[in-house]
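Below is one structure, written out as structure tokens, with a few remarks after it.
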Amino acid sequence: ACLESAKSDFDAIKLALKKRSGFAVPPWACHREFWRVLFEYCGDQFRNFMVQFFALIKFTGNTPLLWTMSLGCAVPKPNTTKQSIDALRLLHLLDPLSKAWISTVWRRRTFRLCPTAFGCVQGKNREEAMLALRAYMFRLAKAGLTILLFLFDVANAFPSVRWRRLEQRFLRDYDAVDQRILQKRHRQALCVIIDNLNQVGIFRTGSGNRQGDGPAAQQFAQSFSKHVQA
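Heads up, the working numbering is the position in the sequence shown plus 2, with the first residue counted as 1.
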């Protein structure tokens, strides 16, 4: 069973590596394009090796230690009056093979987001959402209707969801091995931070998931959408 699942994983990861390119990676990881070329053009020996590798992960329920590491990058938040670290957003650079693989595990179940979700849905983005909102506001104003607009800004959105909620709400429909793998993905996550003096710190989070990881956006959107709809 592990071997058959690993063969499916190989094909799914091969497809996932084709979809995106050009994303930054931490210095200890190979670039996505490198893995894409290997999965696309290398022969049966490479395929057999990777299938055995994925089967070993499935059998043991453990992933390589290096896959738990991310490089934290502080990016300035747009359109904010906040100061110091409150004005920064922490993005995580991860090994691209580990991202493709964990996304493959996550997509074994389908999660439907509410129709108003844009930022976490493929083919939709924030700019499209704002354009649609402006169009609605224009038509309502032309009709002489009063407009009441609510804007929600969640502080530290991705790290804010409790692990217990992530695991009870989203992981219960997976098989036992996938549950354990997805659970370890956030519970064993380590973040490397390098300051402007080149001092290095390694930190472990106590909640939420890492912005930049495969399941993180959908997990947050699913957790938050219930409150928006209410």
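By construction, the Cβ of each residue, glycine as well, lies at the ideal position given by its N, Cα and C atoms.
Quick caveat: nothing in here was measured; it's all calculated off a predicted structure.
Item	Value
Sort 34, 6, 78 and 64 by Cα distance to residue 178 and report the nearest one.	64
Just how far apart, CA to CA, sit residue 60 and residue 103?	11 Å
Excluding the 5 residues flanking residue 38 on each side, which residues of the same chain have their C-beta closer than 6 Å to its C-beta?	19
Let me make sure I understand the geometry here. Which of 47, 95 and 79 has the alpha-carbon closest to that of residue 70?	95
Taking a contact to mean a Cβ-Cβ separation below 7 Å, would you say residue 2 touches residue 162 in this structure?	Shown here, the chain extends from 3 to 232; a query on residue 2 therefore has no answer.
How far does the beta strand (DSSP E) with residue 193 in it extend, from its first residue to its last?	192 to 196
Output the boundary residues of the alpha helix (DSSP H) element that contains residue 51.	46 to 62
Only counting the same chain, and skipping five residues up and downstream in sequence, which positions put a Cβ closer than 8 Å to that of residue 33?	27 and 98
Quick one: give me the first and last residue of the beta strand (DSSP E) that residue 76 is part of.	71 to 78
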